[in-house]
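Let me begin by presenting the structure, written as structure tokens, before commenting on it.
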Amino acid sequence: MKVTFKIWRQDNVNSKGGFKSYEVDGLTEDMSFLEALDHLNERLVQRDEKVIAYEYDCREGVCGQCGVFINGRAHGPHDHMTTCQLHMRSFKDGETVVVEPWRATAFPVIKDLVVDRSAFDRIIEQGGYISSKTGTAAEANAILVGKEVADKAMDAAACIGCGACVATCKNASAVLFTAAKINHLNSLPQGRQEADKRVIEMTGQMELEGFGSCTFTGACEVECPEGISITNIAEMNARRAKAKWLG
4 MKVTFKIWRQ DNVNSKGGFK SYEVDGLTED MSFLEALDHL NERLVQRDEK
54 VIAYEYDCRE GVCGQCGVFI NGRAHGPHDH MTTCQLHMRS FKDGETVVVE
104 PWRATAFPVI KDLVVDRSAF DRIIEQGGYI SSKTGTAAEA NAILVGKEVA
154 DKAMDAAACI GCGACVATCK NASAVLFTAA KINHLNSLPQ GRQEADKRVI
204 EMTGQMELEG FGSCTFTGAC EVECPEGISI TNIAEMNARR AKAKWLG
């Protein structure tokens, strides 16, 4: 199998980037997309050329590190799938595959396909946790949580922080990510003590990071590999309005 990769190359955040094409043969349909990039990088090493920088970790669709745009779509052509779960059988022999990094002011390009998503970390630092004194936490099964509440919290907790929601949004909004992290904890008994503080401070940090506003088009939900619902955004907005009113 042979394809032409048209890949965005950029040395650092301050340099001007551009696309460069690489014709790659020797691929198989059973190769994952990242294995195909590994194969290309091996060829580049042999030619004493700079390898393509891209992120990955688990390669199992769990960590959220591997996200890129493939042929104009976050994570590639399939719904509810991360880049590392994509296989070359999704492309035709001889096809040109365009690969580029997430595009958002809050996600500056570090190198090639790698972007700085530390803005997400700073949002989490403002409330993506619960406070509990060491040694005093109750046994988990002693805290009763209704199935509907547990299911709702777990659906929100499924967010892997890949950034596809931001990259695919025309406004580069991070509200789906932020809402998922807030609603996960605010739905559970362990998180209610700091619920109002959490929603105010996490949304405040989100705005400070330079993400765009949400116009509720739903593109984020479509491209989210975990299929997290935009109803989380509506709930977060309601929680924030209530917290400010009580505040």
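Counting from 4, one number per residue, gives the positions in the sequence shown under the numbering used here.
Even glycine gets a Cβ: it sits at the ideal position worked out from N, Cα and C.
Specify the secondary structure class of alanine 141 as computed by DSSP and reduced to three states. Position 138 of the sequence shown, counted from the first residue, corresponds to residue 141. Coil.
Let me know the secondary structure DSSP gives phenylalanine 253 once reduced to three states. Lying outside 4 to 250, the shown extent of the chain, residue 253 is not represented and no answer is given.
Can you give me the start and stop residues for the beta strand (DSSP E) that arginine 12 sits inside? Position 9 of the sequence shown holds residue 12. Where arginine 12 is concerned, the enclosing beta strand (DSSP E) stretches over 6-12.
For a test of the three-state rule: what should DSSP assign to threonine 234, helix, strand or coil? Taking the sequence shown and counting its residues from 1, the one referred to as residue 234 is at position 231. It is helical.
Leucine 188 and isoleucine 133 - do their beta-carbons sit closer together than 8 Å? Within the sequence shown, the letter at position 130 stands for residue 133. Within the sequence shown, the letter at position 185 stands for residue 188. In contact: isoleucine 133 and leucine 188 (Cβ atoms closer than 8 Å).
Thinking C-beta only, is glycine 138 closer than 8 Å to lysine 200? Here residue 200 is taken as the residue at index 197 of the sequence shown, counted from 1. Here residue 138 is taken as the residue at index 135 of the sequence shown, counted from 1. Contact flag unset, no.
Should glutamate 142 be labelled buried (16 or more other beta-carbon atoms within 10 Å of its own) or exposed? As a first step, residue 142 is located in the sequence shown; it is residue number 139 there, counting from the start. Result: exposed.
Only counting runs of 4 or more residues, tell me where the alpha helix (DSSP H) segments fall wholly within the segment 160-207, in order along the chain. Complete alpha helix (DSSP H) runs here, min 4: 167-171 and 178-189.
Determine the closest residue to cysteine 227 out of Ala198, Cys172 and Ala246, with distance taken between C-alpha atoms. As a position in the sequence shown, residue 227 is number 224, starting the count at 1. Checking every option, the nearest Cα to that of cysteine 227 belongs to Cys172.
Can you look up alanine 222 in the DSSP assignment and give me helix, strand or coil? Position 219 of the sequence shown, counted from the first residue, corresponds to residue 222. Helix, per DSSP.
Between leucine 116 and valine 54, is the Cβ-Cβ spacing less than 8 Å? Counted from its first residue, the sequence shown places residue 116 at position 113. Counted from its first residue, the sequence shown places residue 54 at position 51. Not a contact, by the Cβ cut-off of 8 Å.
State the Cα-Cα distance for the pair glutamine 13 and glycine 21, rounded to the nearest angstrom. The residue you call residue 13 lines up with position 10 of the sequence shown. The residue you call residue 21 lines up with position 18 of the sequence shown. For glutamine 13 and glycine 21, the distance between alpha carbons rounds to 7 Å.
So, using beta-carbon positions, are proline 111 and valine 118 closer together than 8 Å? Your numbering for residue 111 matches position 108 in the sequence shown. Your numbering for residue 118 matches position 115 in the sequence shown. For proline 111 and valine 118, yes; Cβs fall inside 8 Å.
Mind listing, in chain order, the continuous beta strand (DSSP E) runs of no fewer than 3 residues lying wholly within the segment 76-116? 99-103 and 112-114
Whole-angstrom C-beta distance between glutamate 58 and glutamine 68, which should lie under 8 Å: Taking the first residue of the sequence shown as 1, we reach residue 68 at position 65. Taking the first residue of the sequence shown as 1, we reach residue 58 at position 55. At roughly 4 Å, the Cβ-Cβ gap stays under 8 Å, so glutamine 68 and glutamate 58 are in contact.
Thinking just about the alpha-carbon of each residue, which of Ala198, Glu197 and Lys5 is nearest to the one in phenylalanine 94? For this step, residue 94 is matched to residue 91 along the sequence shown. It is Lys5.
For the beta strand (DSSP E) containing glutamate 26, list its first residue and its last residue. As a first step, residue 26 must be located in the sequence shown, where it is residue number 23. Note, glutamate 26: beta strand (DSSP E), 21-27.
Do you know offhand how far methionine 205's Cα is from glutamate 98's? The count along the sequence shown starts at 1 and reaches residue 205 at position 202. The count along the sequence shown starts at 1 and reaches residue 98 at position 95. In a straight line, the C-alpha of methionine 205 is about 43 Å away from that of glutamate 98.
Could you tell me which residues DSSP puts in a beta bridge with glycine 215? Translated into positions along the sequence shown, residue 215 becomes position 212. Its beta-bridge partners are Ser176.
Taking a contact to mean a Cβ-Cβ separation below 8 Å, would you say phenylalanine 180 touches glycine 194 in this structure? In the sequence shown, counting from the first residue as 1, residue 180 sits at position 177. In the sequence shown, counting from the first residue as 1, residue 194 sits at position 191. Their beta carbons are not under 8 Å apart, which means phenylalanine 180 does not touch glycine 194 by this criterion.
Which residue wins for smallest C-alpha separation from alanine 241, given the options Val202, Glu229, Glu224 and Gly230? In the sequence shown, residue 241 corresponds to position 238, counting from 1. Selected option, being the one with the closest Cα: Val202.
For methionine 91 versus methionine 34, is the C-beta spacing smaller than 8 Å? Here residue 91 corresponds to residue number 88 of the sequence shown, with the count starting at 1. Here residue 34 corresponds to residue number 31 of the sequence shown, with the count starting at 1. Yes.
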